[in-house]
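Trainee:
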Amino acid sequence: MKRLVITLSIGLLAVLAIVAQGSINKRTNNSHGARSKKLPRIAICGLGIESSTFSPAQTDEAAFHAKYNDDVFSTYPFLSIDSPLRHRAAWIPTLVGHALPGGIVTRRAYESLVKQTLDMLQKKLPYDGLYFDIHGAMSVVGLDDPEGDFIQRIRKVIGTKTIISTSMDLHGNVSWRLAENTDLITCYRLAPHEDAMATKKRAVENLINRIESGKGKPRYKAYINLPILLPGEKTSTRIEPAKSVYAAVAPAAAQPGVVDAAIWVGYAWADEPRNHAVVMVTGDDKQTVTKTAERLAQGFWDARAGFAFVSPTGTLAECLDKAVASTKHPFFISDSGDNPTAGGAGDVTWTIQEILKRPEFQSADGPSVIYASIPGPELVAKAEAAGVGNIVDGYAGAKVDSRYAPPVHIKGVVESIFKGDIDAEVEVAIKVGSVHIIVTKKRKPYHHERDFTNMGLNPRKTDIVVVKIGYLEPELYNMRADWMMAITPGGVDQNIERLPYRRIERPMFPFDKDMPQPDLSAKLVPMSDKL
Ligand SMILES: [Zn+2]
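Numbering (this note's numbering), first residue to last: 3 to 533.
#1: Suppose contacts are defined by Cβ-Cβ distances below 9 Å. Is L120 in contact with R155 by that definition?
#2: Measuring only the C-alpha atoms, how far is Y589 from D349?
#3: Pop quiz: A65 and A101 are said to be a contact at Cβ under 8 Å. What is the actual Cβ separation, rounded to whole angstroms?
#4: Could you check the C-alpha separation between Y190 and A200 for me, to the nearest Å?
#5: Would you say the beta carbon of A193 comes nearer than 8 Å to a heavy atom of ligand 1?
#6: Given this structure, state the Cα-to-Cα distance separating V390 from V410, to the nearest angstrom.
#7: Opposite A279 in the DSSP bridges: which residues?
#8: Below 8 Å, is the gap between the Cβ of D423 and the nearest heavy atom of ligand 1?
#9: With respect to the beta strand (DSSP E) encompassing L501, which residues constitute its N-terminal and C-terminal limits?
#10: Have a look at the DSSP bridge pairing and note the partners of F333.
#11: Using a Cβ-based criterion (distance less than 8 Å to any ligand heavy atom), does H100 qualify as near ligand 1?
#12: Does the distance between the C-beta of E52 and the nearest non-hydrogen atom of ligand 1 fall short of 8 Å?
#13: Okay, do the segment 336-356 and the segment 472-490 touch, 3+ Cβ pairs below 8 Å being the bar?
#14: Below 7 Å CB to CB, which residues in the same chain sit around I26 once its five sequence neighbours on both sides are set aside?
#15: Between the Cα of I265 and the Cα atoms of T239, T164, P275 and A387, which residue gives the shortest distance?
#16: Excluding the 5 residues preceding and the 5 following K324 in the sequence, name in chain order all residues of the same chain whose CB lies nearer than 7 Å to its CB.
#17: Quick one: residues with CB closer than 5 Å to any heavy atom of ligand 1, in chain order, please.
#18: Would you say the beta carbon of H438 comes nearer than 8 Å to a heavy atom of ligand 2?
#19: Assuming Y397 is part of the beta strand (DSSP E), what are its boundary residues?
#20: Could you tell me the alpha carbon to alpha carbon distance between G24 and I44, rounded to whole angstroms?
#21: For Y112, which of H450, S141 and A91 has the nearest alpha-carbon?
#22: Tell me which residue opens and which closes the beta strand (DSSP E) that I94 is part of.
#23: So if DSSP puts W271 in a beta bridge, which residue, or which two residues, is it bridged to?
#24: Quick one: give me the first and last residue of the alpha helix (DSSP H) that E52 is part of.
#25: Tell me whether the beta-carbon of V291 lies closer than 9 Å to the beta-carbon of V260.
#26: At 4 residues or longer, and completely inside the segment 134-183: list those alpha helix (DSSP H) runs for me, N to C.
#27: Would you mind working out which of Y503, G218 and D304 sits nearest P243, comparing C-alpha positions?
#28: By the three-class DSSP mapping on this structure, what secondary structure does S328 have?
#29: State the CB to CB distance for the pair K288 and Y222, rounded to an integer number of angstroms; the pair is presumed to be in contact (CB under 8 Å).
#30: Identify which residue in K470, R110, F513 and I46 has its Cα closest to the Cα of G345.
#31: Would you kindly work out how many angstroms separate the C-alpha atoms of P512 and L231, rounded to a whole number?
#32: Out of A524, S167, S53 and A327, which has the shortest C-alpha to C-alpha gap to A295?
#33: Could you give the DSSP three-state label for Q60: helix, strand or coil?
#34: Which complete alpha helix (DSSP H) runs does the segment 187-263 hold, if anything under 4 residues is left out?
#35: Below 8 Å on the Cβ atoms is my guess for S436 versus V394; work out the distance and round it to an integer in Å.
#36: Does chain C have any CB closer than 9 Å to the CB of D146?
As structure tokens, this is what we get:
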């Protein structure tokens, strides 16, 4: 009996405990709900790619590696679960996609990604803010100014009250339409883009600050169209004049009455009217905003004749002659015309064909060379079947861009096979004479030391390292004993004056060298609620 009472008591306590727990849960949910209502609701979306219209390559939807919903957070370390920014808003990530630079995006891919984004945004309305994470140099088949089109369609869904903050690459293009539809806008201040994540974070912080403070949209957006079009490889901020032109941006943005300031070099390998340099400054003080934009624009214009390639340049033969004769190793050579990170197809074989013809590299004890890289899925499959240490014989490259040379014949020893890279998927090193050729299943840029060491190659101990790249990314730059940029053919030919432009605005520097002084006065872009 006593035992029964105890059992009943325990049972009653358990029931009470469950009820109590339930009411606690309910309270927690309620308080969480109340808190969420106070936090600003901020959506995240965006697509990033720079795509060349001078390359025969096309980019499909899969290339964007789209992330959905909460997976989007992994793109932004500053929004990790325990970061302060994460707790200042109720975030609604939708779709964010970033592709390697490449050829023009198919219309089907663009429409699909945009429609998915708009559908997701529609389902979770309304928003106090929207973070629009774009590169700004996307080209789409049959559509001008895709980022302008995208943001306009976003506005149709979310309305004009939501504050949009846009972050971009400084090689992106800012159309008037994009400027009208966004409220805050900024871009990188360094090339190479070591401040990419800091820029995105600034765009998000500015957005939250404007919402939290109740200041809302900046009252003024100054816009200046600079008739300058330069290849990125002439505008590295490591050297003058871009170093000084860009060094003026952060102090300009820090002035009272200014929210942000930005200079876009623009993207040289697409033939559209929007492709040119732009300056924008946003803020609440009309005088400071416009004068600051004019000062930054004048600084860029005055410096225009000083922009030169970031390294000594030459034909490939000149670069190879110098590298072979040099005592400085590793001697880097940029195979710049087909640079996949600028929008080249990445499979032009012209350069590797020329290297394989050189007598110095015919025997295994010649000057050591690494060539990175050439896509050749069939050759990669053959190398996997043959295995490390065995001979493989086949062709690679020129599937997409065969305008300059046909597929390259490679017969050599398989040195290593590496699997698991997100871009390349499978990479093999094949030794032909004294040349280690990296052949990939899919195209991949080689920017880091580990890209080589993963495959058992040691670029520091190699005489000559040839990479499909423009300016060297930091790890390679710091490793170089010497460096030249070879002006090689491809979809991102660095000699832009020989590209067949038809639609860019003229006059334009450097195409019209004797052009008159352009109007560099700031135009005020209408606020997005006036659209
Ligand atoms: Zn860039």
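All C-beta atoms, glycine included, are put in the ideal place defined by N, C-alpha and C.
Mentor: Working from what's here:
#1: yes
#2: As shown, the chain starts at 3 and ends at 533. That puts residue 589 outside it, with no answer to give.
#3: 4 Å
#4: 8 Å
#5: yes
#6: 21 Å
#7: L228
#8: no
#9: Careful: L501 lies outside any beta strand (DSSP E) and carries neither H nor E.
#10: I466 and D484
#11: no
#12: yes
#13: yes
#14: Confidence in I26 is poor, its pLDDT being 37 and thus under 50, which makes the residue's placement too unreliable to answer from.
#15: T239
#16: M486
#17: D171 and H173
#18: Within the structure as shown, ligand 2 is missing, the only ligands being ligand 1.
#19: I393 to A398
#20: Annotation note: pLDDT 38 at G24 (below 50); position unreliable, coordinate value reported separately. One C-alpha to the other measures close to 31 Å.
#21: S141
#22: A92 to H100
#23: Looking at the DSSP assignment, W271 forms no beta bridge with any residue, so it has no partner.
#24: No alpha helix (DSSP H) contains E52, which DSSP labels as neither H nor E.
#25: yes
#26: 148-160 and 178-183
#27: D304
#28: coil
#29: 5 Å
#30: K470
#31: 7 Å
#32: A524
#33: strand
#34: 198-214, 244-249 and 251-255
#35: With a Cβ gap of about 17 Å, S436 and V394 do not count as contacting.
#36: No chain C is present in this structure, which holds just one protein chain.
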